[in-house]
Structure formats: C-alpha cells, structure tokens
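Presented below is the structure to which this report refers.
Residue numbers (my numbering): 73 to 215.
Given below as structure tokens:
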C-alpha cells in the first residue's frame with residue numbers, strides 16, 4: 073500500500089474516531105446533566121448535533137473509501153473499512169430514523185415513557201464503529 077495514502081487513510085480514521093468518541097460518548101450523555109437542560113431541550117440539541125456528525129461521518133467515509141481505492145490496501149484494512157461503512161449505513165438508514173420518530177413523539181406529545189431499545193442498539197453500533205475505526209487506523213498506519 074502506498075505510504076502517503078495509508079497515512080491519509082489512518083489520519084481520516086483517527087479524526088473520525090475522535091469525533092465519534094467526543095460526541096457519542098462525552099457530549100451526548102453529559103448534556104442531560106447540565107442545569108436547566110430538560111429532556112425535550114436535550115433531544116432537540118442532540119438531533120442537531122447528531123445530524124451534523126452523521127453528515128461529516130458520511131463525508132469521511134467517502135474520503136477513506138476514495139483514498140483506499142487508490143491505495144490497494146491489505147485485506148485487514150478493507151475489512152475494517154467495510155465494518156465502519158456498513159455500521160454507519162445501518163445507523164443512517166435504520167436506527168436514526170427510528171430514534172427521530174421517538175424524539176418527535178417526545179417533543180410533540182411529551183411522551184417520556186420507557187426508553188427506546190433503539191437507543192441501546194445505536195450505542196452498541198457506536199461501539200462496533202469505534203472498534204472498526206481503531207482497527208482501520210492502526211492497520212492503515214502499520215500495514
């Protein structure tokens with residue numbers, strides 16, 4: 073694999089990883105602990121933040137795939153890339169729309185009943201994506 077392209081792929085992967093960790097595992101849970109942040113307010117903020125994050129993630133996915141298409145990477149790099157791209161696609165196409173419908177109900181009707189299992193699925197997929205991005209970054213930079 074071309075060294076410059078491998079370095080670029082690794083840098084993109086670690087940038088993406090940092091964004092996911094900062095937003096999903098720091099900002100998202102902490103915003104609800106801030107004084108005066110109600111569930112509806114936190115959900116409204118979260119929707120805006122995650123919409124922006126997901127758009128950036130889609131651009132980073134396109135960038136890493138583009139770089140790797142020119143780099144002729146090892147199988148491990150391709151597998152890690154496939155994992156993160158498939159997880160992101162699943163989040164965008166299936167999980168996020170379900171979470172948005174739930175937050176629509178909370179914002180419109182004040183429905184604060186049981187927490188959605190979709191939220192737990194999203195967190196689980198974020199953990200898989202984190203592992204995939206870490207593997208992608210390490211393999212791209214060391215392969």
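Every residue gets a Cβ at the ideal spot worked out from N, C-alpha and C, and that includes glycine.
On the CB-based measure, 16 or more other CB atoms within 10 Å of its CB, does residue 181 come out buried or exposed? exposed
Suppose you measure from the CA of residue 150 to the CA of residue 107; what does that come to, to the nearest Å? 44 Å
For the structure I just gave you, are there three or more beta carbon pairs, one from the segment 188-203 and one from the segment 167-175, closer than 8 Å? yes
With DSSP as the reference, label residue 163 as helix, strand or coil. helix
Do residue 137 and residue 201 have their C-beta atoms within less than 8 Å of each other? no
Going by the beta-carbon positions, is the gap between residue 175 and residue 115 smaller than 8 Å? yes
Between which two residues does the alpha helix (DSSP H) harbouring residue 204 extend? 189-214
Under 7 Å Cβ to Cβ from residue 193, same chain only, skipping five residues before and after it: list those, please. 167
Between which two residues does the alpha helix (DSSP H) carrying residue 144 extend? Element bounds for residue 144: n/a, residue is neither H nor E.
Through-space distance from residue 93 to residue 104, alpha-carbon basis: 17 Å
Cβ pair residue 212, residue 78 closer than 8 Å: yes
How would you label residue 153, buried or exposed, when you count the other beta carbons within 10 angstroms and need 16 or more for buried? buried
In three-state terms, what does DSSP make of residue 91? helix
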